[in-house]
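Single-structure report; data block below.
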Amino acid sequence: MHKRVLGLGAALLSLSVVLPASHAFAQAATLGGPAPGGVTIDVAAATAPRTLGKPDAPVVIEEFASLSCPHCAHFEETMLPRLKAEFIDAGQVLFVFHDTPTNRVGYMAHLATRCLPAARYNDARSLLFSTQAQWLGAKDPETGLKDMMAMVGLPGPAYDACTSSRPLQDYVAKSSQEATEQNIEKTPTVIIRKGGKEVARIAGPDSYDSLAAALVKAGAKPPAKKPPVN
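Numbering (mature numbering (1 follows the signal peptide of the UniProt record, and there is no 0)), first residue to last: -26 to -1, 1 to 204.
Set out below in structure tokens:
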């Protein structure tokens, strides 16, 4: 698990000073208008919820994760596919992603992925997790990240506009602050909710069977058992 620093949200808010946006750009971005360089950011779309599954699913999983967290990458690669196949695609679970960066380059990654169309968000997220060692291990991780984002359809000018957008900076920092307020100390952490109420919390889930059992206990139908192979 990746240990979070309590109060990180407030620290990230201060990064908006390190990554300034001009008043004209901030205003244009807020209105969804063109930013310098001809880049247009639809802030409403960029800050809309990122989810997997049916909105009316009986059980909700909220995942608090950082794109630069190796334990989050492990969860994404080893547990999420099975969770999707057995619960999410079956309409039993709505999976909600929360931006919870734990360092500066992770913060930049969350800003950048938010600028992609919602339909491309999950693929970009998966790519960043699967290539995490590559871009984080680059001589300059932020350049490595920028190059990787270009591969998923966010070219350099758009990347620069997104990571300089004051509204997006504020949104991601606020998301991280809300995680702190919910006592999220490690990434990944998943909160299972039923009817809006928290019924279980798992910090650093490392057993799919335990997670699945918690979902069934919360009210999700268990996956159908496959017939034995003769």
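All residues carry an ideal CB built from backbone N, CA and C; glycine is no exception.
When the distance is taken between beta carbons, is residue j closer than 8 Å to residue i?
i	j	result
Leu102	Leu142	no
Thr74	Ser139	no
Phe61	Arg24	no
Val146	Glu116	no
Ala192	Val33	yes
Leu85	Thr154	no
Below 8 Å on the Cβ atoms is my contact criterion, and I expect residue i with residue j to pass it. Report the Cβ-Cβ distance as a whole number of Å.
i	j	result
Asn96	Leu26	7 Å
Ala187	Arg88	Rounded, the Cβ-Cβ distance is 33 Å, inconsistent with contact.
Gln108	Ala194	About 35 Å; that fails the 8 Å criterion.
Report the option in the options whose CA atom is closest to the CA atom of residue i.
i	options	result
Asp183	Glu172, Gly111, Asn77 and Pro197	Pro197
Ser100	Gly111, Ala83 and Ala112	Ala83
Phe69	Glu50, Thr117, Leu85 and Thr154	Glu50
Met122	Pro44, Gln66 and Gln106	Gln106
residue 210	Pro44, His48, Asp30 and Ala47	Residue 210 is absent from the model: the chain starts at -26 and stops at 204.
Ala22	Leu90, Lys199 and His48	Leu90
Ile15	Thr76, Gly118, Thr52 and Pro131	Pro131
Tyr133	Gly170, Lys200 and Tyr81	Tyr81
Lys199	Ala59, Lys148 and Asn157	Ala59
Among residues of its own chain, excluding the 5 on either side of residue i, which ones have a beta-carbon nearer than 8 Å to its beta-carbon?
i	result
Val164	Ile35, Glu36, Glu37, Phe38, Arg175, Ile176, Pro179 and Leu185
Asp114	none
Glu172	Ile165 and Ile166
Arg56	Tyr182
Asn77	Ser40 and Ser42
For residue i, is the classification buried or exposed, using 16 other Cβ atoms within 10 angstroms of its Cβ as the cut-off for buried?
i	result
Arg94	exposed
Met125	exposed
Gly111	exposed
Lys120	buried
Ala135	buried
Ala47	buried
Pro162	buried
Ala92	exposed
Can you find the residues in the same chain that come closer than 7 Å, C-beta to C-beta, to residue i, ignoring five residues on each side of it along the sequence?
i	result
Thr4	Bear in mind that a pLDDT of 34 at Thr4, under 50, signals an unreliable position, so the model cannot answer this.
Lys28	Gly65 and Leu68
Excluding the five sequence neighbours on either side, which residues of its own chain have a C-beta within less than 6 Å of the C-beta of residue i, listed in chain order?
i	result
Arg167	Val34
Ala98	Thr87, Leu90 and Val126
Gly118	Trp109 and Ala112
Glu152	none
Using only the heavy atoms of the ligand MN, determine whether one of them is closer than 7 Å to the beta carbon of residue i.
i	result
Tyr95	The ligand content of the structure shown is nil, which means the ligand MN is not present either.
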